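Student: Per the numbering used here, numbering of the sequence shown is gapless, rising by one per residue and ending at 126.
A virtual CB, placed ideally from N, CA and C, is assigned to each residue, including glycine.
Bear in mind the structure is a predicted one, so any value in this text is a computation, not a measurement.
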Amino acid sequence: MYEWCLNCCVMSMAAIHEAVLSGNLECVKLLVHYGADIHQRDEEGWTPLHMACSDSFPHIARYLLSLGADPELENDCGEKPADLIEPDNKELLEIFGLAVND
Numbered sequence: 025m026y027e028w029c030l031n032c033c034v035m036s037m038a039a040i041h042e043a044v045l046s047g048n049l050e051c052v053k054l055l056v057h058y059g060a061d062i063h064q065r066d067e068e069g070w071t072p073l074h075m076a077c078s079d080s081f082p083h084i085a086r087y088l089l090s091l092g093a094d095p096e097l098e099n100d101c102g103e104k105p106a107d108l109i110e111p112d113n114k115e116l117l118e119i120f121g122l123a124v125n126d
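1) DSSP on TYR58, reduced to helix/strand/coil?
2) In this structure, does DSSP put LYS114 in helix, strand or coil?
3) Within 10 angstroms of the Cβ of ALA76, are there 16 or more other Cβ atoms? Answer buried if so, exposed if not.
4) Helix or strand or just coil, what does DSSP make of LEU122?
5) When the Cα atoms are used, what is the spatial distance from GLU96 to LYS104?
6) Let me know the secondary structure DSSP gives GLU68 once reduced to three states.
7) Using alpha carbons as the reference points, say which of LEU117, HIS83, HIS74, GLY69 lies closest to LEU176.
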């Protein structure tokens, strides 16, 4: 009944994208529980995982990956989620198996 609301876009951004950008893991979990698509793309081809990486939310990235989020999906600019990780975010770098320089 509420599926239309979970994936509808407000200015081309779904509720799951908004929840990720707010850093609210519990909200992300709730939306997923009620059917939000973890691979949904925004107007620039960003998935929730792209946003979690770009905005430095390792707890959300880890959760999305545990659900099967595809780390190989590229946005419209050809960037994968790992390409958007800040070099000083050691936790995200470790999640993606990237070298961490101490």
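Tutor: Looking at the coordinates:
1) In the three-state reduction of the DSSP assignment, TYR58 falls in the coil class.
2) Helix at LYS114.
3) Taking all protein chains in view, the Cβ of ALA76 is crowded by 16 or more other Cβ atoms within 10 Å, so the residue is classified as buried.
4) DSSP places LEU122 in coil when its eight states are reduced to three.
5) Going by the C-alpha atoms only, they are around 6 Å apart.
6) Of the three classes helix, strand and coil, the one that applies to GLU68 here is coil, per DSSP.
7) With the chain represented from 25 up to 126, any question about residue 176 goes unanswered, as that position is not in the structure.
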